[in-house]
Amino acid sequence: MWRQNMEKAMWYGIGKRMYKDLDSRYIEIFEMLRMGRTPELDGEGKKPDLRSLLIEYGNYRIKQEFTEDQAAIKVAAVREEMDQLINKYYEKCLAFAIPFDLKVTSDPCAYFRQGSTIDGISELFSYGSKMCDFRGQLDERVKEMARQILPNTTALVGERLAMDLLVHAHGLKRLAYMPSSSIQMLGAERALFTAIQKRGNTPKYGVLFKYPKLSTLRPRQRGKIARIIANKVAITARADLLGTKVDAESFREKIDNMIKSSKK
Numbered sequence: 001m002w003r004q005n006m007e008k009a010m011w012y013g014i015g016k017r018m019y020k021d022l023d024s025r026y027i028e029i030f031e032m033l034r035m036g037r038t039p040e041l042d043g044e045g046k047k048p049d050l051r052s053l054l055i056e057y058g059n060y061r062i063k064q065e066f067t068e069d070q071a072a073i074k075v076a077a078v079r080e081e082m083d084q085l086i087n088k089y090y091e092k093c094l095a096f097a098i099p100f101d102l103k104v105t106s107d108p109c110a111y112f113r114q115g116s117t118i119d120g121i122s123e124l125f126s127y128g129s130k131m132c133d134f135r136g137q138l139d140e141r142v143k144e145m146a147r148q149i150l151p152n153t154t155a156l157v158g159e160r161l162a163m164d165l166l167v168h169a170h171g172l173k174r175l176a177y178m179p180s181s182s183i184q185m186l187g188a189e190r191a192l193f194t195a196i197q198k199r200g201n202t203p204k205y206g207v208l209f210k211y212p213k214l215s216t217l218r219p220r221q222r223g224k225i226a227r228i229i230a231n232k233v234a235i236t237a238r239a240d241l242l243g244t245k246v247d248a249e250s251f252r253e254k255i256d257n258m259i260k261s262s263k264k
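Using full-length UniProt numbering, the letters of the sequence shown correspond one by one to residues 1 to 264.
The structure is reproduced here in structure tokens:
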């Protein structure tokens, strides 16, 4: 019986009473509702359009969550997309190699430069060279953002690997909160789940394989060194999140010495 006497909670208020100043304070009100708090009520009134309010609130949330590290992840994604575009464009331009006596190389940019001065295909190949130049600019921008957002981690593993870790972790906060075992597996999630399902051997590392000279070790030794690198990344990532500094150079020196001693 007591349930029938209770007023029904709606998105715009409780029963016929609406939240106060819902039209102008909808962001604050929606934030309170997300936190489980009840906003102030203000009598009756005409309920506003829920769709338009939620669109505005969604835009607000996107702006709030689009932090510097998220911007860096997007720039890195554009950089990776440029690789695919250049390779596809290179494949199409290979048809001009024999007719125009062009030397086929493994570097698409070097191939584009050959044809950029030949009549008939100069514009086509110049466009390829421009894409290569733009990719180079993106490379520098990605490295710069890595140094700004992940100064300690960059000093430990380098700009490219630091950005790869950030991308696979989907943000600095998530990377900093990860245990070292999860950091070690970043980039190898699919292989890990496949191995678990098939009860096979699980991978020992993911993108950490890109650490300089790690690939030169025997497979059994790589897992051990990757675990140590992940432990140090867990420390540097937390320092980056807090805006503090750690002696990442000494971490790197110890790791490099371990790699050298493992080769003996």
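In this text, a Cβ means the ideal position worked out from N, Cα and C, and glycines have one as well.
| Asked | Found |
| --- | --- |
| Between V246 and the rest of its own chain, which residues show a CB-CB distance below 8 angstroms, the 5 nearest in sequence each way excluded? | N152, I235, T236 and A239 |
| To the nearest angstrom, how far is the alpha carbon of S116 from that of A76? | 28 angstroms |
| Check the DSSP bridge columns for L41 and list the partner residues they point to. | Y19 |
| Could you tell me whether the Cβ atoms of R17 and L41 are closer together than 7 angstroms? | yes |
| List the whole-angstrom C-beta distance separating Y211 from V157, where the pair is believed to meet the contact cut-off of C-beta under 8 angstroms. | 6 angstroms |
| Should G187 and V207 be called a contact, given that it needs their Cβ atoms to be closer than 7 angstroms? | yes |
| Thinking C-beta only, is E159 closer than 7 angstroms to K143? | yes |
| Nearest to F30 by alpha carbon, out of E140, L54 and D49? | L54 |
| Please report the distance separating the alpha-carbon of T105 from that of A162. | 30 angstroms |
| Going along the chain, which residues of its own chain have a beta-carbon closer than 7 angstroms to the beta-carbon of K213, five neighbours each way excluded? | I259 |
| Just how far apart, CA to CA, sit M1 and T67? | Caution is warranted here: a pLDDT of 36 is assigned to M1, below 50, making its placement in the model unreliable, and no coordinate value can be reported. |
| Give the DSSP-derived three-state secondary structure of L94 in the structure shown. | helix |
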